[in-house]
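Protein chains in written order, with my numbering: chain A, 1 to 238; chain B, 1001 to 1478. Backbone N, C-alpha and C define an ideal beta-carbon position, used for all residues, glycine too. To keep things clear, I will list the structure first and then write my remarks on it.
Given below as structure tokens:
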């Protein structure tokens, strides 16, 4: 988020003032301007009256519920990314939300950093650069069609899942990806796991990327991982 | 020539049913009862038979005695000369009686018999004896008198009726024994079938309840008999248990539900505290740890709520055809490296066949939980296998390890909520993993069981194969 760009505008439709304040304060650190609506009707009128970069929608709302808001705005042809907030006892809501046209969902209660990570990915997803066939970064080239990965021209032998994770990182460079997001994106796992799966796979990927793998994919404590374009000469010289 | 399999199966089925009946308690009771009945019946027949024989014999004796007295008085003197005309006359006119008059040299002087050894008093002549005509098969009862001049007079009566009575008596005894045993065994089998049927209804209900269908009740026969009374009591008990269990689950759900709000608030405050600047690293670490603990608690609540939703069979909304091969591949992709890092091996011997109609994420969670359990509860060097095969339109999925296993008496218990065995206390977990697995299996119409893998734990899941159901309408044979 550079200073010359206007901050991303986020509409939060949430009836609980506590949660709303928490999200607003938490996302403010990432330079995101959060506008709050306390119910579905208000939210929908705000959706239609202004341009938004992202909408965070609570499922349980007084009056018009989140699902109805989502369906209405998608019917009106609004393609703004929507992150759906659901309660954790909702096994069905993850499906409902995605089926209703949400781009992602998060189960309450959530950590604000998890929300920030997801918002960042959704904001990026809305950006252009989606029609490329090759991703390039830090000497890594990922051919999206052949799924071949090279580093400084050398072919890397990655497992399909590793390619998938790397693609996720390369599509979102400089963005924190949480463990939950990685699990969901790479393995369609949205339940708690009791083994260090993500750590294991990330560490293998780092090893395969080379001696600076650890600097490329950095651990963000308590949240997840981030791919940084390290200074090549520095890492090679050091 | 071979017996067709179907016939053999039917015969085996019959034999099994017969064995079940004959080994039942009610059958044995009825059989014992029939035995006593048989004994007392036989005794009654024996007594009445002996009694009627005795009275018939008495009649015969009386008739013979009367005839003898009459002959003696008609003769008027106890010598051959007096008896001879009387006997000759009687032989012509009294065909029912047997007469014999012999002189001292055993020569027959009159009568309708061959000669007899002179012997006074009453005597039985077996059927080989001595009658000149008539039925040679019947015995004769008679009385002899020694005359003054060395002669011998005998008068007897055909004891055919007595012989017949005796013979009939044994036939009756024999047949009634046969009858009693047939009635006893047959009655026992009928009674056992009836009682077994009623008991079977009760045990079928009990089994359904044990397999998780708490709403099952024992049906009444409307006879208002002991079984209906038993069914009534058991149903009342089941009603009460179900109410207790559901209220217990409701309470735990309510707690999980209500605790979320304060815990979320707590989480937010901790996060806010961690953001404060100039916080000592130690304090920041403590807050991070506290957040971790809090997340574990929230995760338990979330699993609990998810579990009760699955158990209530609330549709998850997704129903896809999930290929088990695909599922196991993703599991090995996901957990293979984790197992490897821990010095364990996760192997899938071959492609796992079958397709399940269901929720892909839940099915993934089912296998994932089982494999994670195996990884977390077995030491380094263990071998974890994931195998599957098709049988009769069902999928048999086996997750096995060669770790320490679970003792037999705990294998049913580990499926209960929050049950953690002492041996696994050190491993992180909420004690809901296997409950969730079982709920997911049941949601998909399957069953799950734990057994000994010699050594280790073997978990067998049986799921209906969707391909079997989906393909049959398309096959030309159908």
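From the options, pick the residue whose C-alpha is nearest to that of residue i; which is it?
{"i": "residue 1040(B)", "options": "1173(B), 1343(B), 1345(B) and 1062(B)", "result": "1173(B)"}
{"i": "residue 1467(B)", "options": "1322(B), 1104(B) and 1439(B)", "result": "1322(B)"}
{"i": "residue 57(A)", "options": "43(A), 63(A) and 17(A)", "result": "43(A)"}
{"i": "residue 1238(B)", "options": "1155(B), 1379(B) and 1219(B)", "result": "1219(B)"}
{"i": "residue 207(A)", "options": "170(A), 194(A) and 151(A)", "result": "151(A)"}
{"i": "residue 1122(B)", "options": "1050(B), 1163(B), 1063(B) and 1222(B)", "result": "1063(B)"}
{"i": "residue 185(A)", "options": "169(A), 214(A) and 195(A)", "result": "169(A)"}
{"i": "residue 203(A)", "options": "1341(B), 1107(B) and 1440(B)", "result": "1341(B)"}
{"i": "residue 1416(B)", "options": "1426(B), 1437(B), 1407(B) and 1265(B)", "result": "1437(B)"}
{"i": "residue 1379(B)", "options": "1373(B), 1296(B), 1403(B) and 1014(B)", "result": "1403(B)"}
{"i": "residue 1349(B)", "options": "1224(B), 1332(B) and 1337(B)", "result": "1332(B)"}
{"i": "residue 123(A)", "options": "177(A), 62(A), 69(A) and 81(A)", "result": "81(A)"}
{"i": "residue 154(A)", "options": "210(A), 101(A), 109(A) and 74(A)", "result": "210(A)"}
{"i": "residue 1307(B)", "options": "1464(B), 1196(B) and 1439(B)", "result": "1439(B)"}
{"i": "residue 31(A)", "options": "66(A), 60(A), 117(A) and 67(A)", "result": "117(A)"}
{"i": "residue 1456(B)", "options": "1432(B), 1120(B), 1382(B) and 1292(B)", "result": "1382(B)"}
{"i": "residue 217(A)", "options": "190(A), 121(A) and 175(A)", "result": "175(A)"}
{"i": "residue 1336(B)", "options": "70(A), 223(A), 196(A) and 46(A)", "result": "196(A)"}
{"i": "residue 1023(B)", "options": "1277(B), 1195(B) and 1441(B)", "result": "1195(B)"}
{"i": "residue 98(A)", "options": "111(A), 59(A) and 221(A)", "result": "59(A)"}
Within a Cβ cutoff of 7 Å, which residues of the same chain sit near residue i, ignoring the five residues on either side of it in sequence?
{"i": "residue 36(A)", "result": "12, 14, 20 and 24"}
{"i": "residue 1075(B)", "result": "1082, 1083 and 1086"}
{"i": "residue 943(B)", "result": "Look at the range of chain B in this structure, 1001 to 1478, and you will see that residue 943(B) is not part of it."}
{"i": "residue 165(A)", "result": "182, 186, 201 and 205"}
{"i": "residue 1139(B)", "result": "1124, 1125, 1126, 1127, 1159 and 1163"}
{"i": "residue 1259(B)", "result": "1301"}
Alpha carbon to alpha carbon, how far is residue i from residue j?
{"i": "residue 1175(B)", "j": "residue 1202(B)", "result": "40 Å"}
{"i": "residue 1243(B)", "j": "residue 1236(B)", "result": "11 Å"}
{"i": "residue 1214(B)", "j": "residue 1206(B)", "result": "9 Å"}
{"i": "residue 107(A)", "j": "residue 1200(B)", "result": "47 Å"}
{"i": "residue 6(A)", "j": "residue 179(A)", "result": "29 Å"}
{"i": "residue 128(A)", "j": "residue 1320(B)", "result": "At residue 128(A), the pLDDT of 49 sits below 50, so the modelled position is not reliable and the matter cannot be decided from this model."}
{"i": "residue 1193(B)", "j": "residue 1021(B)", "result": "7 Å"}
{"i": "residue 1400(B)", "j": "residue 1459(B)", "result": "6 Å"}
{"i": "residue 1118(B)", "j": "residue 1154(B)", "result": "9 Å"}
{"i": "residue 1231(B)", "j": "residue 1165(B)", "result": "55 Å"}
{"i": "residue 193(A)", "j": "residue 1245(B)", "result": "28 Å"}
{"i": "residue 40(A)", "j": "residue 1450(B)", "result": "49 Å"}
{"i": "residue 1422(B)", "j": "residue 1329(B)", "result": "33 Å"}
{"i": "residue 1125(B)", "j": "residue 1043(B)", "result": "30 Å"}
{"i": "residue 985(B)", "j": "residue 1055(B)", "result": "In the structure as shown, chain B starts at 1001 and stops at 1478, and residue 985(B) therefore has no counterpart that could be examined."}
{"i": "residue 1189(B)", "j": "residue 1018(B)", "result": "9 Å"}
{"i": "residue 1066(B)", "j": "residue 1191(B)", "result": "58 Å"}
{"i": "residue 219(A)", "j": "residue 198(A)", "result": "11 Å"}
{"i": "residue 1050(B)", "j": "residue 1036(B)", "result": "21 Å"}
{"i": "residue 1250(B)", "j": "residue 1262(B)", "result": "19 Å"}
{"i": "residue 979(B)", "j": "residue 1030(B)", "result": "This structure cannot speak to residue 979(B), because chain B is shown only from 1001 to 1478."}
{"i": "residue 65(A)", "j": "residue 86(A)", "result": "12 Å"}
{"i": "residue 1069(B)", "j": "residue 1183(B)", "result": "52 Å"}
{"i": "residue 1353(B)", "j": "residue 1392(B)", "result": "13 Å"}
{"i": "residue 16(A)", "j": "residue 1310(B)", "result": "28 Å"}
Give me, in chain order, the residues of the same chain whose beta-carbon lies closer than 6 Å to that of residue i; leave out the 5 immediate sequence neighbours on both sides.
{"i": "residue 1430(B)", "result": "1300 and 1303"}
{"i": "residue 1282(B)", "result": "none"}
{"i": "residue 1150(B)", "result": "1104"}
{"i": "residue 214(A)", "result": "206"}
For residue i, which residues in the same chain have their Cβ closer than 8 Å to its Cβ, ignoring the five residues on either side in sequence?
{"i": "residue 1396(B)", "result": "1388, 1389, 1390, 1460, 1461 and 1462"}
{"i": "residue 200(A)", "result": "none"}
{"i": "residue 33(A)", "result": "7, 8, 9 and 10"}
{"i": "residue 162(A)", "result": "201, 204, 205 and 208"}
{"i": "residue 115(A)", "result": "23, 26, 27, 56, 83 and 106"}
{"i": "residue 1290(B)", "result": "1270"}
Hey, is the segment 134–146 of chain A in contact with the segment 41–60 of chain A, meaning 3+ C-beta pairs nearer than 8 Å? Output reads no: the segment 41–60 of chain A does not touch the segment 134–146 of chain A.
Could you please tell me which residues of the segment 1256–1284 of chain B, in chain order, have their CB closer than 9 Å to any CB of chain A? Of all residues in the segment 1256–1284 of chain B, only 1256, 1257, 1260, 1261, 1263, 1264, 1265, 1267, 1268, 1271, 1272, 1274 and 1275 place a beta-carbon less than 9 Å from a beta-carbon of chain A.
Between the segment 1139–1154 of chain B and the segment 1094–1110 of chain B, can you find at least three pairs of beta-carbon atoms closer than 8 Å? By the Cβ test, the segment 1094–1110 of chain B is in contact with the segment 1139–1154 of chain B, since at least three Cβ pairs between them sit closer than 8 Å.
Check each residue of the segment 187–220 of chain A: if its Cβ is closer than 8 Å to any Cβ of chain B, include it; give the result in chain order. When CB distances to chain B are screened at a threshold of 8 Å, the residues of the segment 187–220 of chain A falling below it are 187, 188, 189, 190, 191, 192, 193, 194, 195, 196, 197, 200, 201 and 204, in chain order.
Touch check for the segment 1352–1365 of chain B and the segment 207–227 of chain A: three-plus C-beta pairs under 8 Å? In this structure the segment 1352–1365 of chain B does not touch the segment 207–227 of chain A; the number of beta carbon pairs closer than 8 Å is below three.
What are the residues of the segment 13–46 of chain A that lie near chain B, defined by any Cβ-Cβ distance shorter than 7 Å? So the close ones are 18 and 22.
The segment 165–181 of chain A: which residues have C-beta closer than 8 Å to a C-beta of chain B, in chain order? Using a CB distance below 8 Å, no part of the segment 165–181 of chain A faces chain B.
Under 8 Å, CB to CB, which of the residues in the segment 138–169 of chain A have a partner in chain B? Identification of residues in the segment 138–169 of chain A having a C-beta nearer than 8 Å to some C-beta of chain B yields 159, 160 and 161, given in sequence order.
Residues within the segment 106–123 of chain A neighbouring chain B, beta-carbon criterion of under 9 Å: Result list: 107, 108, 109, 110, 111, 112 and 113.
Between the segment 1325–1340 of chain B and chain A, which residues of the former have a C-beta closer than 8 Å to a C-beta of the latter? Those would be 1330, 1333, 1334, 1335, 1337 and 1338, in chain order.
Going along the segment 1370–1382 of chain B in order, which residues come within less than 7 Å of chain A, judged by CB to CB distance? Only 1372, 1375 and 1376 from the segment 1370–1382 of chain B bring a Cβ to less than 7 Å from some Cβ of chain A.
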